[in-house]
Amino acid sequence: MMEIQITCPQCGSSVDVHPDLSATKTSCQVCQHEVPLKFHESHAQDRLEICPVCERQDFYQQKDFNRKIGVILFVIAAILSIWTYGLSLVALYLVDLFLFKKLGSVAICYKCRTNFRKISNFSEIRDFDHEMNDRIVYADHDFKGKPLSH
């Protein structure tokens with residue numbers, strides 16, 4: 029079953045939900061803010077075609093790893109490199125390589141940053157595109173699920 033992790037627009041906390049065609053909203057456990065939802069039949073079939081939060085069709089994929097933890101590990105390795113003559117950075121590289129091989133991927137909505145796991149059409153989700161992200165975030169461009177064309 030598809031797992032959906034919404035970012036609360038009020039406080040930034042994550043809210044976990046599962047597709048339910050009868051659900052029209054969910055509440056943040058931290059700030060009690062209600063987030064409207066609109067599930068479609070494709071969600072019940074574990075297909076990601078439209079975001080239930082912002083109703084956009086633009087998604088990207090990335091490895092399912094917490095970025096904050098990655099930055100913290102890098103800072104620790106960089107500080108330790110003073111005493112380890114850079115070997116801590118090599119060790120971090122090897123840990124990163126191992127995690128890259130072992131971790132799965134997650135699909136993310138460009139507009140609202142909702143995360144989607146266990147989707148059946150994951151191979152259709154493209155990699156992150158910086159230009160597409162900038163156009164969606166800063167100019168509110170809607171690509172309607174189509175790739176960026178020049």
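For any residue, its number in the working numbering is found by taking its place in the sequence shown, counting from 1, and adding 28. For glycine and all other residues, C-beta sits at the position ideal for the given N, C-alpha and C. It should be emphasised that the depicted structure is a prediction, and the values quoted were computed from it without experimental measurement.
Taking Cβ to Cβ, would you say residue i is nearer than 8 Å to residue j?
i	j	result
Q85	D155	no
S148	D74	yes
A135	F128	no
L76	I164	no
The alpha helix (DSSP H) with residue i in it runs from where to where?
i	result
N161	H158 to A167
K96	R95 to T112
A119	L115 to K130
S70	E69 to A72
Which residues mark the beginning and the end of the beta strand (DSSP E) in which residue i is found?
i	result
K174	Counting along the chain, K174 falls outside any beta strand (DSSP E), and DSSP gives it neither H nor E.
I32	E31 to T35
Y88	F87 to K91
F150	Looking at the DSSP string, F150 is not in any beta strand (DSSP E), and its letter there is neither H nor E.
I78	Premise fails: I78 is in no beta strand (DSSP E) and is neither H nor E.
L133	Strictly speaking, residue 133 in this sequence is Ser, with Leu absent from that position. First-last of the beta strand (DSSP E) with S133: S133 to C137.
D44	S42 to V45
T54	K53 to S55
V58	No beta strand (DSSP E) holds V58; DSSP gives it neither H nor E.
Just the C-alpha distance for residue i and residue j, rounded to the nearest angstrom, thanks.
i	j	result
A106	K96	15 Å
F182	L117	Given a span of 29 to 178 for the chain in the structure shown, any question on residue 182 remains unanswerable.
D162	V43	25 Å
K66	I100	36 Å
V125	S50	The amino acid at residue 125 is misidentified as Val; the sequence shows Leu. Distance between the alpha carbons of L125 and S50 is about 42 Å.
L120	I104	10 Å
E159	V45	30 Å
K187	C137	There is simply no residue 187 to check, as the chain begins at 29 and stops at 178 in what is shown.
P122	K53	Note on residue identity: the sequence assigns Leu, not Pro, to residue 122. Distance between the alpha carbons of L122 and K53: 43 Å.
D168	S109	42 Å
I78	Q60	25 Å
Q22	G114	This structure gives no information on residue 22, because the portion of the chain shown stretches from 29 to 178.
S133	P47	19 Å
Assuming the contact rule is C-beta atoms closer than 8 Å, residue i and residue j should be a hit. Round their C-beta distance to whole Å, please.
i	j	result
C140	C82	4 Å
P80	H71	6 Å
Q33	T112	Rounded, the Cβ-Cβ distance is 36 Å, inconsistent with contact.
E31	K146	5 Å
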